[in-house]
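Participant: 4 is the number of the first residue of the sequence shown in my numbering; add one for each residue after it. Using N, Cα and C, we set each Cβ at its ideal position, and we do this for glycine too. Note that the structure is a prediction, hence the values are computed from the model and not measured.
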Amino acid sequence: MNVQAVVKQARAEGRTLLSEVEAKALLFEAGVPVARTVLATTEEEARTQAAQVGYPVVLKIVSPDIAHKSDVGGVKVGLKDKASVTGAFEEIIANAKNAVPDARITGVAVQHMAPAGTEVIVGMTTDPQFGPVMMFGLGGIMVEVLKDVTFRVVPLEERDASQMIDEIRGKAILDGVRGQPPVDKGAVKDAILKVSEFVATNPDVRELDLNPMMVYEDGAIAVDARIVIAEPQEA
Ligand code: ADP
Ligand code: MG
């Protein structure tokens with residue numbers, strides 16, 4: 004999968020939001036670690052794919068009309084066997100149809116469930132004046148309530164990425180509080196730089212979020228990915 008092909012297909016379908024499956028495939032190719040994710044259009048397919056990506060798995064709604072999947076009951080985590088995948092598939096589709104009756108439903112994303120870690124957000128927005136700008140912060144309430152995020156204009160150098168990681172107010176959480184080990188800042192820095200490179204070489208990409216990326220003592224992995232491309236007339 005290359006970016007041009009995915010962009011072309013999305014435009015042909017009249018959408019600017021790439022699916023989570025498409026976004027993760029492109030990021031994987033760009034060298035960003037992502038949870039293994041595939042699209043299922045039937046329940047049977049979901050069961051086969053769950054065995055392939057490896058239990059435990061997470062199932063999520065895939066719809067160009069639904070950007071915030073949890074808000075509509077479109078995310079089921081911690082599925083440990085075939086039976087729970089079957090139930091979750093049906094429930095997710097029903098929840099989505101119920102919350103957004105006109106939503107186009109592409110299918111369900113089946114993905115490996117990453118272990119719990121420190122959740123961070125790595126993102127990009129396009130500023131009308133500066134162009135692509137990278138964003139970094141802690142995930143969850145830290146970003147939603149405390150707006151503890153930091154920005155740098157693309158392209159980034161290694162130093163920029165390191166500084167971003169060290170200048171958020173919640174930095175102590177990354178350094179390890181109350182006897183917790185520090186997280187792998189090198190893996191976070193690498194992800195920030197890879198995303199910066201990806202957006203710098205792909206100007207059709209206007210917004211990007213890895214929210215969250217799980218970070219561990221050793222390594223990091225994005226479990227959600229969202230990419231918005233330019234409207235055809237802006238490209
Ligand atoms: P939303 O569209 O609501 O942002 P997410 O894909 O971020 O949906 O899923 C909601 C939450 O579920 C995430 O913040 C994360 O805590 C958890 N989650 C999602 N996917 C995975 C996964 N593959 N492994 C582990 N946890 C996950
Ligand atoms: Mg998310």
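(1) With a 10 Å radius around its C-beta and 16 neighbouring C-beta atoms as the bar for buried, classify proline 215 as buried or exposed.
(2) Apply the 10 Å Cβ neighbour rule to serine 66 and answer buried if 16 or more other Cβ atoms are within range, or exposed otherwise.
(3) With DSSP as the reference, label threonine 129 as helix, strand or coil.
(4) Below 6 Å CB to CB, which residues in the same chain sit around leucine 213 once its five sequence neighbours on both sides are set aside?
(5) Comparing the CB of proline 215 with every heavy atom of the ligand ADP, is any distance shorter than 8 Å?
(6) Which term fits leucine 205, buried or exposed, when burial requires 16 or more other beta carbons within 10 angstroms of its beta carbon?
(7) Run through the DSSP bridge pairs and tell me what glutamate 210 is partnered with.
(8) Starting from the C-beta of arginine 14, find all residues in its chain whose C-beta is less than 6 Å away, skip the five residues before and the five after it, and write them out in chain order.
(9) Any heavy atom of the ligand MG closer than 8 Å to the beta-carbon of serine 22?
(10) In the DSSP assignment, the beta strand (DSSP E) including leucine 29 goes from what residue to what residue?
(11) Between the segment 67 to 79 and the segment 97 to 104, are three or more C-beta pairs nearer than 8 Å?
(12) Looking at the secondary structure, which residues open and close the beta strand (DSSP E) in which threonine 153 lies?
(13) For serine 73, is the beta carbon positioned less than 8 Å from some heavy atom of the ligand MG?
(14) Measuring straight from C-alpha to C-alpha, what distance separates glutamine 114 and alanine 86?
(15) For glycine 81, name the three-state secondary structure that DSSP assigns.
(16) Would threonine 109 and threonine 45 qualify as a contact pair, given that the criterion is a beta-carbon distance under 9 Å?
(17) When the Cα atoms are used, what is the spatial distance from glutamate 32 to phenylalanine 201?
(18) Which residue wins for smallest C-alpha separation from leucine 30, given the options Tyr219, Val208, Ala238 and Glu220?
(19) Flag methionine 116 as yes when its Cβ comes closer than 8 Å to any non-hydrogen atom of the ligand ADP, and as no otherwise.
(20) Helix, strand or coil, according to DSSP, for methionine 137 in the structure here?
(21) Could you give the first and the last residue of the continuous alpha helix (DSSP H) run that contains valine 9?
Facilitator: This is what the structure holds:
(1) With 16 or more Cβ atoms within 10 Å of its Cβ, proline 215 is classed as buried.
(2) So serine 66 counts as buried.
(3) strand
(4) Same-chain partners within the cutoff: Val125, Ala225 and Ala228.
(5) yes
(6) Reading the sequence as shown, one finds asparagine at residue 205 and not leucine. Burial call: buried.
(7) Val231
(8) Cβ neighbours of arginine 14 beyond the five flanking positions: Pro235.
(9) no
(10) Not the beta strand (DSSP E): leucine 29 falls in the alpha helix (DSSP H), residues 23 to 32.
(11) Yes: at least three Cβ pairs fall under 8 Å.
(12) Annotation: the continuous beta strand (DSSP E) that includes threonine 153 extends over 152 to 156.
(13) Under cutoff, so the answer is yes.
(14) 16 Å
(15) strand
(16) No, the pair does not count as a contact, with Cβ atoms beyond the cut-off.
(17) 10 Å
(18) Val208
(19) yes
(20) Residue state, collapsed to three classes: strand.
(21) 6 to 15 is the span of the alpha helix (DSSP H), which, as asked, contains valine 9.
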